[in-house]
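This report refers to the structure that appears directly beneath it.
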Amino acid sequence: MRLSLVIKKENVDLEKQVNKLNNFLVLNKSIKAVLTLLILGSFSQVKAQEKVPFDQGKKYILADVVLTNKISFNDQTVVTFAGLEKGQEITIPGEEISSAIKKLGKLGLFDEISFYINRIQEDSIYLDLEIKELPKLNNVRFVGIKKNKTEALIKDNGLTKSKVVNENLITTTKNYIESKYKKDGYYNTKVNINVVPDTSSVNQVNMVVNIDKGEKIKIDEIDFIGNDKLSDKTLRKAMKDTKQKNFFRILKASKFIKAKYKTDLDKVIASYKEKGYRDARIISDSITYLKDKNALSIKINVEEGNKYYFGDIKFLGNTVYSDQLLSRVVGVKKGETYNGVLLEKRIADKSKPDGEDITNLYQDNGYLFSNINAVEVKTVNDTIDFEIRINEGPLAYFNKITVVGNDKTNDRVIYRELRTKPGEIYSKALLIRTIREIGQLGFFDPEAIDPKFKNVDASSGTVDIEYNLVEKGSSQIELQGGYGGGGFIGTLGLSFNNFSARNLLNKEAYKPLPMGDGQKVSLRLQASTFFQTYSVSFSEPWFGQKKPVQFSSSISYSKQFLNDFRTQRVDKEKSFNILTLSVGLAKRLTVPDDFFVLSQSLSYQHYDLNNYNTGLFTFGNGASRNLAYTIGLSRSNKGVNPIFPTYGSEFSISAKLTAPYSLINGTDYATLGDKEEYKLKNTVDRTNTVDANGNTVAIGDYIDAAGNKVFNFEDAAADPALVDQKKFNWLEYYKIKFKADWYTKIYGKLVLRTLTEFGFLGAYNQDRGVVPFERFYVGGDGLANFSMDGRETIQLRGYPNNSLTPINSRGEQLGATVYNKFSMELRYPITLKSSASIYALGFLEAGSSYPDFKSYNPFDLSRSAGVGLRVFMPAFGLLGIDFGHGFDALPGLTKPNGWETHFIIGQQF
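Under our numbering, the first residue of the sequence shown carries the number 92, and numbering increases by one thereafter.
Okay, here's the thing in structure tokens:
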């Protein structure tokens, strides 16, 4: 027989609720091991003395440990985890066996652990180990909730296949689910978890989670007692996360969450302190469940106290800044109503990392170790005197600056954007600016940028900063297909936003493409039965690798064939080709500040028309050339997330200019139509007919505007095709554009975006006129599919695409030379995770376009309003949908336009 040395047996009732499992079981195993050694060991020695005699308290050499039953783990691995080794000296009874049980128990994999003495040979002892494993999870099923909710619960609780099922798993799963639904207002949620053996496999179980959410419990009423100075409405408004039922409230639901309720009670007191009631306090509060309404009734009893005013405010310990400067920062004057919340914010505004307060004033200028406190020193009647005590501390310097988490992006791409440099004086403002610059790169999750302070040493005055980053997908694919313009249109676009051109010849860098240097390469192909467009672009943000000068270049080619939209026939003998080349530089300035960027570019477009008579231009054969220089000045400090900015602004003004050819080519465009080579000639065989004057008109004869033959070229009409071909052989124009964009956080996560735009296209020579190219087309989603004339499409939702563009007497769109637009958006983030950022928006827009500056009226606008949704996924870019209602009529119509649906693909944020 075997001598029972130590037996640890733990029957598992999988449906039983157990708390404090881990600590309890480890202690239980330890106690049982010791007691069994002391009690059973001696007893068993007597009972089995003839079979396996051993001396109590004697030391033995462990010869072997053998697992007597089959388990799913390797036998030697289990023995190793138990801390037992062949040849080690153990005491029977002793700590070695007790320790082995503890270690195996901590693994949380076993139900029963039993040691037996197999035999003893001289000083050597042989042990048997019998283990019963805990069952593993085969399948989990949820009852009482929708199927689409189960995946998140499985993931959050780690209920994966082969997961070890123990009391701890069951208890934590139950508590998590109940807590989750209580946070959503389901305070009567009950969760029952049943575990049953799986008959189709060995030692596996199936879990059935029964969830009874019950009805959502809302707050029926919040009443205040004892408040005379502040109304119930004011105090309810102060409670940001605890709201009573209100049919008209949309953004904040009525639900009770205990932790947030306690925080809101503090905000009630803060609202009193803002009004001067320093001694206000909550005497008591009660929460009553109204069974008939399935709702809660909250009553809060307050004591308001007396109203106070600011007295003298003195500064102590300040040597760096004067009392006058600090007083201006505090912004509080003697005799003003006491406002404890304001004073606290002026000392250190925790809600704004870059707030204008005394703490930031010191920390922005190197005093990391400064400590500032406002202390009440005297209260006389209703007046409170303060001392603001300042311990400036020594100047701090950045010591070691490191970056972690950049698995794909090369270090130099990040380090060149850092504003915090080793050896420089510490500045909180530079730290915040660095976070913004890293976020603006677009390669990392801006919500996860975490600067950690390390080795903060006041004695040496140094601090190390470690920027923790999380890479996100930066490349995008655009794949579209649709029916438009009389045929199917397909688009394939690839954007590699973190490309590495220097590693093109390095085979090891292809994963699948060389990445990590912050360069951008874009390829785009768009085609249908009647047009094709190919484009490629490249940009390097640090041209030369020494200064922030962005180099960009692009080339594109478009070819369109004449297409009859009614018959769907394409005539490939008639075509319109465009070749576009551009190169540009954009330099980050240092004056007035380094948010300014000066950009310059040179572009060339060649338009080639081959028998392409469509009405788009007055001539169907010939070429036009567009050589233009563009200069722009912009300033952008919006941040920190480029997808969802919450603060800052962006301003830009640009001018696109061509050379004033008419000043140097000697051509008189006013009399161009009077010259013989630009006169109208007959091109149709009319030998069998006569004109209105009875003359036979041959091919090549001069004719007037009515088609009648004239005998002198001076009497002939000017040929508009020849005249315009000459006028627009080299395009001559200037284009001015202005844009201002603001982002303001107005409440919680709610952000207001305000935008205004203006554009003007002019001519140097009025006799030559404004070119029919480069014009503005207003209305719709703002997406340009294929534009053959360099037009700019301006978004104005609530109206069809390009519909707010001037038209002629025949109803044909001319393109605008002047436009302006105003827009307001309220944005609210649903999620800003790196895998997918989603936000909802509501908008008000107004804008219009005009054929010339004489007809420009900034108050004659087409108005719209609506709602929308945006989804940004790293692989596909920005996707969205807008529902807009146009309040005004389209040009030439009288009825308001009404509702329009717009799909947004790849547009700017």
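A virtual CB, placed ideally from N, CA and C, is assigned to each residue, including glycine. Here the structure is a predicted model, which means the values were calculated and not measured.
The alpha helix (DSSP H) spanning residue i covers which residue range?
i: S362; result: 349-365
i: T241; result: 241-248
i: V612; result: Careful: V612 lies outside any alpha helix (DSSP H), inside the beta strand (DSSP E) at 610-618.
i: L416; result: 414-421
i: Y825; result: Taken as a continuous stretch (DSSP letters only), Y825 belongs to no alpha helix (DSSP H), being part of the beta strand (DSSP E) at 825-838.
i: F950; result: No alpha helix (DSSP H) holds F950; DSSP gives it neither H nor E.
i: E269; result: 258-274
i: T39; result: In the structure displayed, the chain extends from 92 to 1000; residue 39 sits before or after that span and is not available.
i: F450; result: Per the sequence shown, residue 450 should be read as Thr rather than Phe. Segment 449-454, the alpha helix (DSSP H) holding T450.
i: E186; result: 186-197
i: I794; result: Premise fails: I794 is in no alpha helix (DSSP H) and is neither H nor E.
i: I505; result: 502-506
Could you spell out where the beta strand (DSSP E) holding residue i opens and where it closes?
i: E991; result: 987-996
i: L984; result: Segment: none, L984 is in no beta strand (DSSP E) and carries neither H nor E.
i: D202; result: 201-212
i: K150; result: 149-158
i: R918; result: 909-923
i: G402; result: 400-407
i: E394; result: 386-394
i: L843; result: 841-853
i: T379; result: 372-381
i: D311; result: 309-316
i: I475; result: 474-482
i: T325; result: Taken as a continuous stretch (DSSP letters only), T325 belongs to no beta strand (DSSP E), being part of the alpha helix (DSSP H) at 323-329.
What residues are listed by DSSP as bridge partners for residue i?
i: V296; result: L228, P288
i: E221; result: S205
i: S461; result: None; S461 has no bridge partner.
i: N559; result: V495, D541
i: S673; result: S645, S694
i: M964; result: G968
i: S630; result: K611, S643
i: V958; result: G933, F974
i: T428; result: Y400
i: L887; result: G871
i: Q567; result: S586
i: G530; result: Looking at the DSSP assignment, G530 forms no beta bridge with any residue, so it has no partner.
i: T1011; result: The first residue shown for the chain is 92 and the last is 1000, placing residue 1011 beyond what the model contains.
i: I898; result: Q904
i: A809; result: K770
i: F667; result: Q651, L700
i: S345; result: Answer by DSSP bridge pairing: none, since S345 is not bridged.
i: G860; result: Answer is none; G860 lacks a bridge partner.
Roughly how far, in whole angstroms, is the beta-carbon of residue i from the beta-carbon of residue j, given that I think they are within contact range, below 8 Å?
i: V255; j: K223; result: Not really, about 13 Å apart at Cβ, beyond 8 Å.
i: K499; j: M606; result: 6 Å
i: E43; j: G484; result: Residue 43 cannot be examined here, being either before or after the span of the chain that is shown, 92 to 1000.
i: L220; j: L158; result: 5 Å
i: G86; j: Y824; result: Summary: the structure shown does not reach residue 86, with the chain confined to residues 92 through 1000, and so no result is reported for it.
i: Y558; j: P537; result: With a Cβ gap of about 12 Å, Y558 and P537 do not count as contacting.
i: I995; j: I972; result: 7 Å
| Do three or more CB pairs link the stretch 228-246 to the stretch 181-190 at distances below 8 Å? | Segments in contact, no.
| said: Under 8 Å, with one C-beta from each stretch per pair, do the stretch 605-616 and the stretch 585-597 reach the 3-pair mark? | reply: Yes, since at least three Cβ pairs between the stretch 605-616 and the stretch 585-597 fall closer than 8 Å, the two stretches touch.
| task | Please specify which runs of the alpha helix (DSSP H), each continuous and at least 4 residues long, are wholly inside the stretch 708-790, giving them in chain order. | result | 752-755
| request: Determine contact between the stretch 511-522 and the stretch 482-492, defined as no fewer than three beta-carbon pairs at a distance below 8 Å. | output: Flag = yes, the stretch 511-522 and the stretch 482-492 touch.
| query | Do the stretch 837-855 and the stretch 911-926 make contact, defined as three or more Cβ pairs closer than 8 Å? | reply | yes
| request: Assess, as a yes-or-no matter, whether the stretch 965-972 is touched by the stretch 944-952 under the definition of 3 or more beta carbon pairs within less than 8 Å. | output: no
| Is it true that the stretch 261-268 meets the stretch 205-218, where meeting means three or more beta-carbon pairs spaced less than 8 Å apart? | The stretch 261-268, when compared against the stretch 205-218, does not touch it at the 8 Å Cβ threshold.
| Do the stretch 722-733 and the stretch 777-786 make contact, defined as three or more Cβ pairs closer than 8 Å? | no
| Contact between the stretch 856-868 and the stretch 880-887: three or more CB pairs below 8 Å? | yes
| query | Okay, do the stretch 752-772 and the stretch 855-863 touch, 3+ Cβ pairs below 8 Å being the bar? | reply | Because the criterion of three Cβ pairs below 8 Å is met, the stretch 752-772 and the stretch 855-863 touch.
| request: Assess, as a yes-or-no matter, whether the stretch 835-844 is touched by the stretch 885-892 under the definition of 3 or more beta carbon pairs within less than 8 Å. | output: no
| query | Any chance the stretch 276-283 sits against the stretch 302-313, with 3 or more Cβ pairs inside 8 Å? | reply | yes
| query | Pairing CB atoms from the stretch 285-301 with CB atoms from the stretch 360-376, are three or more of them under 8 Å? | reply | no
| request: Count the C-beta pairs between the stretch 469-489 and the stretch 396-404 that are closer than 8 Å, then say yes if the count reaches three, no if not. | output: yes
| query | Do three or more CB pairs link the stretch 411-425 to the stretch 380-397 at distances below 8 Å? | reply | Using a C-beta cut-off of 8 Å, the stretch 411-425 makes no contact with the stretch 380-397, since fewer than three inter-stretch Cβ pairs fall below that distance.
| message | Does the structure place the stretch 817-832 close enough to the stretch 706-724 that three or more beta carbon pairs sit under 8 Å? | response | yes
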